[in-house]
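Trainee: The working numbering applies: residue 1 is where the sequence shown begins, and numbers increase by one.
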Amino acid sequence: MTSRNAYLLRTASRSRVKLGFAVQLKEKQETMPETSERQLSTSEDESGRQRRSSSGTSENRATMVTYWKRNSNPNLQSMMLDTNADKINLYEYPEILECLPDLDGKRVLELGAGIGRFTKKFAQLAKSVVAVDFMESFLEKNKEENGHYGTVEFLHKDATQLSFEAHSFDIIFSNWLFMYLSDVETEQLLEKSLLWLAPGGTLFFRESCFHSSGNIKPDENPTYYRSPRQYIDICQSRILNGTPNYPHDQVYELIFAKALESYYEIKNNNNQVCFLFLKTNLRNLHGYKTLQDFLDHSEYAEKSIQKYESVRGEGYVTIGGAELTRELTKRLNLTATQRLLNFGSATGGSSFQISQDYGCEIVGVDISANMVGIAWDRALSYKGHRIRFEVGDGTKMRFAPSKFDVVYSRDVIFHVSDKTELLNNFYTWLKNGGRLLITDFCCGNTPFSQDLIDYARSGMYTLTSIQEYTELFEKCGFVDVHVEDRSDLYQQYCQNEIEIAEKNRINPDSKLSRQELEECVRQWKLKYSLTNSGQRRWCIFEATKPSVSFYEDDDNEQ
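(1) Using the three-state DSSP reduction, which class does LEU517 fall into: helix, strand or coil?
(2) Which residue from GLU253, ASN221 and PHE277 puts its Cα closest to that of THR66?
(3) Give the DSSP-derived three-state secondary structure of ALA198 in the structure shown.
(4) Got a sec? Which residues, its chain only, sit under 7 Å from GLU484 by beta carbon, not counting five neighbours each side?
(5) Any idea which residues DSSP pairs LEU254 with across the strands?
(6) Measure the beta-carbon distance from THR119 to ASN75 and round it to whole angstroms, keeping in mind my assumption that it falls under 8 Å.
(7) Less than 8 Å between the C-beta atoms of ILE249 and ARG339, yes or no?
(8) Rounded to whole angstroms, how far is the Cβ of ASN432 from the Cβ of PRO508, which I believe are closer than 8 Å?
(9) Should TYR308 and LEU334 be called a contact, given that it needs their Cβ atoms to be closer than 8 Å?
(10) Tell me whether HIS415 sits in a helix, a strand or coil according to DSSP, three-state version.
(11) Are LEU530 and LEU463 touching if we call contact CB-CB under 8 Å?
(12) Specify, as a first and last residue, the run of the beta strand (DSSP E) that SER345 falls within.
(13) Using DSSP with H/G/I as helix, E/B as strand and the rest coil, what is GLY559?
(14) Helix, strand or coil: which one does DSSP assign to TYR408?
(15) According to DSSP, is SER174 helix, strand or coil?
(16) So does the segment 89-105 actually touch the segment 134-149, counting three or more Cβ pairs closer than 8 Å?
(17) Of the residues GLU323, PHE414 and TYR408, which one's Cα is nearest the Cα of ILE362?
(18) Roughly how many angstroms separate the alpha carbons of THR63 and PHE343, rounded to a whole number?
(19) To the nearest angstrom, how far is the alpha carbon of THR570 from that of LEU437?
(20) Hey, how far is the Cα of ALA543 from the Cα of ILE234?
(21) Could you tell me whether the Cβ atoms of LYS258 and GLY349 are closer together than 8 Å?
(22) Quick check: the segment 440-448 against the segment 505-521, are there 3 or more CB pairs under 8 Å?
(23) Given this structure, state the Cα-to-Cα distance separating GLN77 from LYS87, to the nearest angstrom.
(24) Could you tell me whether the Cβ atoms of SER227 and GLY459 are closer together than 8 Å?
(25) Rounded to whole angstroms, what is the Cα-Cα separation between LYS127 and LYS106?
(26) If you count every other CB in all the chains shown that lies within 10 Å of the CB of SER355, and 16 or more means buried, which is it?
(27) Which residue from PHE169, VAL130, ASP183 and TYR93 puts its Cα closest to that of ARG563?
(28) By Cβ distance below 6 Å, which residues in the same chain neighbour VAL317 in space, the five residues on each side in sequence not counted?
(29) Please classify TYR246 as buried or exposed, where buried requires at least 16 other C-beta atoms within 10 Å of its C-beta.
(30) Can you tell me the Cα-Cα spacing of LYS527 and ASP488, whole angstroms?
(31) So, GLY320 versus TYR493, is the Cβ gap smaller than 8 Å?
(32) Across which residues does DSSP place CYS442 in a beta bridge pair?
(33) How would you write the range of the beta strand (DSSP E) that GLY392 sits in, first residue to last?
(34) Check this for me: beta carbons of ILE255 and LEU282, under 8 Å apart or not?
(35) GLU471 to ILE171, Cα distance in whole Å?
(36) What residues in its chain sit with their C-beta under 6 Å from that of VAL412, if we drop five residues either side in the sequence?
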């Protein structure tokens with residue numbers, strides 16, 4: 001690496017953090033766990049029924065107890081509220097287990113343990129398990145099935161009434177619990193869970209979002225069908241203040257939020273969403289708690305998303321919008337039988353378009369909860385399309401090896417400091433012969449101005465040279481690596497978008513303020529200037545995972 005590049009990297013990314021996830025701002029004076037009075041605004045569920053007030057906690061709990069007493073048969077159908085529970089369980093059960101961290105030697109708290117579907121596996125692998133449920137019939141069935149394991153303690157108790165010492169558990173697990181708690185109850189239990197987890201511990205939960213998924217419809221249904229974004233907001237607004245023994249403030253950092261593939265495959269349902277959070281130290285990045293907090297409150301704040309979409313079209317935050325997306329995807333020769341990973345899928349425009357043009361299955365992943373939240377909402381209008389969106393960090397997410405035929409990524413990897421780890425993941429996730437198409441920004445060979453240094457620092461961008469980027473692909477095992485410096489094409493689109501932004505300034509119907517529109521024009525002109533001067537380059541990278549590896553050749557010869 002040249003000294004100039006090293007200088008830019010040091011200046012623009014002083015803290016070489018990996019991507020984590022966005023959190024909501026919360027004042028430092030808010031304490032844990034009793035003092036939070038924060039409450040999500042009410043919204044209407046699918047049927048248009050106004051969500052119940054969170055103020056009547058005792059009344060809510062009484063209603064929920066009555067509901068479960070009416071559905072208290074200790075069997076799989078009652079637990080899953082679906083007559084096809086046995087079939088679904090065959091696929092859903094192992095998928096959920098694959099989402100969990102290593103259980104070996106861990107202390108596990110299982111909230112809403114029910115009849116013990118997961119208790120058994122925890123008992124077999126973990127150091128200790130505390131299985132909690134407020135339905136006696138369910139817990140008795142659990143004891144009958146798993147009571148012989150000496151590692152399990154069974155608690156017949158309401159999860160909202162639990163109390164444990166700080167750092168009592170390494171993993172807290174729940175499956176369909178928070179959807180039966182009010183907003184206040186959910187907030188309070190998540191606050192206490194943050195206290196109960198050891199530093200570096202993980203919180204996993206799975207919920208029905210937007211609407212129900214089972215085909216058993218109770219007469220009365222007191223369930224809270226929140227959006228995934230609401231769960232993320234509640235978790236990431238929690239702060240556990242430091243103590244003399246552990247001086248660091250602690251927060252939940254989201255590792256992923258994704259729809260269960262089993263429900264998608266069996267029921268064409270994307271609304272069974274699971275979440276994995278890590279308990280981690282609060283950091284200070286440009287005044288924000290995590291890099292993702294920074295992104296969701298600056299470049300990908302809701303107003304910024306509106307700014308991008310006002311110029312590039314609904315669903316697009318990258319240069320060229322729908323037109324350039326169509327031109328680039330022509331290179332991939334996509335078919336309806338393929339599965340594509342859209343890394344940096346933003347608000348969903350390119351995923352929806354590729355699905356419409358080629359009919360292939362698409363998994364969209366983005367680090368920004370703001371953008372994926374919008375994509376989730378818009379996906380409700382694309383019934384029948386094989387599209388699902390996940391929130392997560394590409395360096396930490398886990399997909400099965402050889403899952404995808406194509407990885408497609410537009411102008412996002414310059415946010416990632418550890419590009420080698422990300423490209424290694426792409427290589428693992430691609431099938432043999434799978435293709436990779438990435439567009440991204442690189443640094444040029446001309447001297448860097450203060451404008452470029454400020455631009456990289458303010459956005460926390462990590463820019464590398466075109467040559468270094470190309471070598472990374474080869475280092476990670478890709479072949480047929482082809483790179484095009486198409487800064488000229490970028491400039492054409494950028495100039496067009498500056499003209500659109502200029503027109504938007506005098507549009508009386510714009511959702512953005514005059515000041516926001518002025519800033520939009522200024523930013524576009526800066527990007528044009530940096531690229532025009534040669535300091536910042538826009539490149540198209542294409543590469544292939546070998547059809548057959550060297551080791552496979554050896555195996556076939558033996």
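Virtual Cβ for every residue (Gly too), placed ideally from N, Cα, C.
Mentor: On the basis of the supplied data:
(1) helix
(2) ASN221
(3) strand
(4) CYS539 and ILE540
(5) PHE277
(6) Rounded, the Cβ-Cβ distance is 15 Å, inconsistent with contact.
(7) Residue identity differs from the one stated: residue 249 is Asp in this sequence, not Ile. Not closer than 8 Å, so no.
(8) Wrong, their Cβ atoms sit about 55 Å apart, outside the cutoff.
(9) no
(10) helix
(11) no
(12) Note, SER345: premise wrong, no beta strand (DSSP E); not H, not E.
(13) Residue 559 cannot be examined here, being either before or after the span of the chain that is shown, 1 to 558.
(14) strand
(15) strand
(16) no
(17) TYR408
(18) 43 Å
(19) A question about residue 570 goes unanswered here, because the residues of the chain that appear run from 1 up to 558.
(20) 40 Å
(21) no
(22) no
(23) 11 Å
(24) no
(25) 5 Å
(26) buried
(27) Residue 563 falls outside the range modelled here, since the chain spans only 1 to 558, and no answer is possible.
(28) TYR308 and ALA346
(29) exposed
(30) 13 Å
(31) yes
(32) ARG537
(33) 387-392
(34) no
(35) 39 Å
(36) GLY344
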